Amino acid sequence: MVLLKILCIYIPDKFISLVSSSCIIPLAKDLGLEDKFDINSENIILLNYEINKILKAQKDFNNWNYEMLGKLIYTLYNNPEKESNYWVLGSTYDEEGSKLNQFIEKNKIAIGFFRHDISEYIDDKEALKKFIDKYDEPKSKRPLLNFLRIRKGDMVALKACYTQGPRNNSIGMIRVDAIGRVTENPIDGYEFDEEIGHTLPVEWITTESKVYEKITYLQAISQVKNKGVLSRIFKKFEPQLNTDSISESSEYVNDKKNIIFYGPPGTGKTYNVVNKALEIIDKELYKDLINSDSKESRIKAVDEFNNLMTKGQIAFCTFHQSYGYEEFVEGLKSDGKGNFVCEDGILKEISTRASYSGIIDKNSNMLDLNSKKEIVKKNIKDKDKFNFKGKDKYVLIIDEINRGNISKIFGELLTLLEEDKRITKENQVTCKLTYTKEEFSLPPNLYIIGTMNTADRSIALMDIALRRRFNFEEITPDESLLEPIEDIDVSKLLEIVNKRIEYFYDKDHMIGHAYLKNTETIDELSDCLKYKIIPLLQEYFYDDFEKIGLILGGIGESEDDNYIVYKEVINADGLFKQDKVYELADKNFYRIKADIGSKEIKNIYEM
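For the sequence shown, the numbering used here begins at 7 and goes up steadily by one.
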């Protein structure tokens, strides 16, 4: 890594004085860079740069030089045990049945997707992806690429998952049939076996079967990160297993108080909000609930989200043009008797609950919200009266945050959003509210999550004061989540449509994968195009059917052509009675085909 050393010398403000991939790679994973970049030693310079950028954005680190940051990271991450990852791997191949005995006899772990030897592509990920695409097996790509992420020293459990109990109250179960440690990296140990597929060598630690309740990993291969699962399945075979893989420093870096998820419609912003709220409030519970991609797991996550809303730990509101300070913070409302009383808004209510949880000398009796508010008001300027360490966390979700008038809604409270201005912080700020004149401040255990649809309003047009106080996380269309329908490559369809939309308009108006996620038949896909996607395109392009037609693959000369959009010529002679009709020219009208079939759909993305 001579180049990285040179960069550290000549551009010290952009890079950390650290070249060890054994430190940089796990830190990059802890900081969530896996979603944006390939985490491997080939990208070590890019990862070093991104890590430096993230850390320097935090107040505690923004005055640290490259050498100080390098020493801190080396101290925290120079731990050989951090190199081990933990995996669960299925040993049953659909129609072929169980391969467990062959795995054990051959001292191999294997995956049966895509039965073609990939030896020459092991060290070239992009070439491998193209090789897989050539055989048109989209379902094989993700599990195979995950299998090739396994490294020497990783532990792998062979598993079978199922449910037990009545259908409406079943429990997820996992049977672990063997656990082993991988002895070679893919670049050295990969072999293709005609019987069991792609293999890596392994040293078996145990081949004794054991069943565990309330653990479900339905995918063929999954990396295990959940501390509880690690302890139950792997810990007894590796006493030194360190389940605290995320250091306090990286926890701090990821502890963002104000977040906005932004992206085009249908990209799963609300889906991510539910996940993020659960993760903030209880990381372990969140990991338990999402350790599989099953519908059952998602239902449990939503149920827990609703339960936390009922308890008052999560609050939800939607901004719109007429939403104001009175609904959000406090305002005068009629009491129905001809008088006006001041009522707390949603922000003030959840702030009261969150602030009261940090009061040190609390009344042990159950108090109503007004009583809690009085106690908080009495102590709000005295930092010593609060201790939020280990206290419950609270989340306020603001849907469509960009549709409201931010200055009007937040008023004087915009300043309080900053983390260092909150209760007990070094620069704590309190301000007097408009109506009650009460002293008010935000607690540090209150998190605010917003969503914004970029098709409605760009980030560039948002209130600058708000933009400065929020972290923005982009949610983009993810075509890889879409499964083929018969001979239609739905993933490719969405990818091509979005590239064309970006060409004619911008990426803020792309179409999200959620529009197509639950379509399972050609008819459902056709209806989705007719009743959801095409009307959206008409709105985007103001009924400019030339552009809409090009986005959907082209424009037919007649209804008989295999295009969704076609031209219809209206002849004036057959339409009007007047004598001088010949002076009226024929006109072209664009039509949407009533019956959209597989040929028209495939024509969208086939060149």
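Think of the CB as a built atom: it goes at the ideal place given N, C-alpha and C, for glycine as much as any other residue.
In this text, all values refer to a predicted model and were calculated from it rather than measured experimentally.
Counting C-beta atoms within 10 angstroms of its own C-beta, Arg359 has 16 or more neighbours from the protein chains shown and is therefore classed as buried. Under the 8 angstroms Cβ criterion, the segment 177 to 185 counts as touching the segment 214 to 221, having at least three qualifying pairs. DSSP lists Gly96, Val182 as the bridge partner or partners of Lys165. Look at the beta carbons and you see the segment 64 to 80 not touching the segment 160 to 171: under three pairs across the two are nearer than 8 angstroms. Pairing Tyr92 with Leu236 gives a Cβ-Cβ distance under 8 angstroms.
Within the segment 493 to 540, no complete beta strand (DSSP E) segment of 3 residues or longer occurs. Here the alpha carbon of Ile429 sits roughly 11 angstroms from the alpha carbon of Leu452. In this structure, DSSP gives Asp288 a state outside helix and strand, which the three-state scheme calls coil. With a 10 Å radius around the Cβ and a threshold of 16 neighbouring Cβ atoms, Met516 comes out buried. Cβ atoms of Leu78 and Glu56 stay farther apart than 8 angstroms, at about 17 angstroms.
Rounded to the nearest angstrom, the gap between the Cα atoms of Asp529 and Asn568 is 16 angstroms. Cβ-Cβ separation between Leu558 and His519: approximately 18 angstroms, too far for a contact (criterion under 8 angstroms). Only exposed fits Asp309, as fewer than 16 other CB atoms lie within 10 angstroms of its CB.
Taken in chain order, the whole alpha helix (DSSP H) runs of length 4 or more contained in the segment 104 to 173 are 106 to 112, 131 to 140, 144 to 153. Beta bridge pairing from DSSP links Arg187 with Met161, Glu209. The three-state secondary structure of Phe325, taken from DSSP, is coil. Note that the segment 591 to 599 touches the segment 560 to 576; at least 3 beta-carbon pairs, one per stretch, sit closer than 8 angstroms.
Beta-bridge annotation (DSSP): Lys438 is paired with Glu445.
Counting only runs of 3 or more residues that sit fully inside the segment 310 to 354, the beta strand (DSSP E) segments are 320 to 324, 336 to 340, 346 to 350, in chain order. Ile265 is positioned such that its CB atom lies no closer than 8 angstroms to that of Phe325. Short of 8 angstroms from the beta carbon of Leu531, and not among the five residues preceding or following it, lie these beta carbons of its own chain, in chain order: Ile491, Ile494, Val496, Leu522, Thr525, Ile607.
Judged by DSSP in its simplified three-state form, Tyr400 adopts strand. Taking the CA atoms as reference points, Gly580 sits about 11 angstroms from Leu590.
Under the Cβ criterion (8 angstroms, minimum of three pairs), the segment 136 to 146 counts as touching the segment 108 to 127. Going by beta carbons, Arg475 and Leu420 fall inside the 8 angstroms limit. In the DSSP assignment, Lys391 falls outside any alpha helix (DSSP H) and carries neither an H nor an E. A direct Cα-to-Cα measurement between Asp123 and Asn49 gives close to 26 angstroms. Assignment of beta-bridge partners to Ser413 by DSSP yields no partner. In this structure the segment 98 to 116 lies against the segment 192 to 212, because at least three pairs of beta carbons, one per stretch, are closer than 8 angstroms. Under DSSP, the beta-bridge partners assigned to Gln229 are Trp93.
The residue from Glu355, Asp374, Lys231, Ile381 with its alpha-carbon nearest to that of Asp367 is Ile381.
The beta strand (DSSP E) runs of length 3 or more contained entirely in the segment 572 to 607 are, from start to end of the chain, 593 to 598.
When secondary structure is reduced to three states using DSSP, Asp405 falls in the strand class.
Assignment of Met372 by DSSP, reduced to helix, strand and coil, places it in the coil class. Per DSSP, Tyr55 is one residue of the alpha helix (DSSP H) stretching across 50 to 62. Between the C-alpha atoms of Lys397 and Lys317 there is a straight-line separation of about 15 angstroms.
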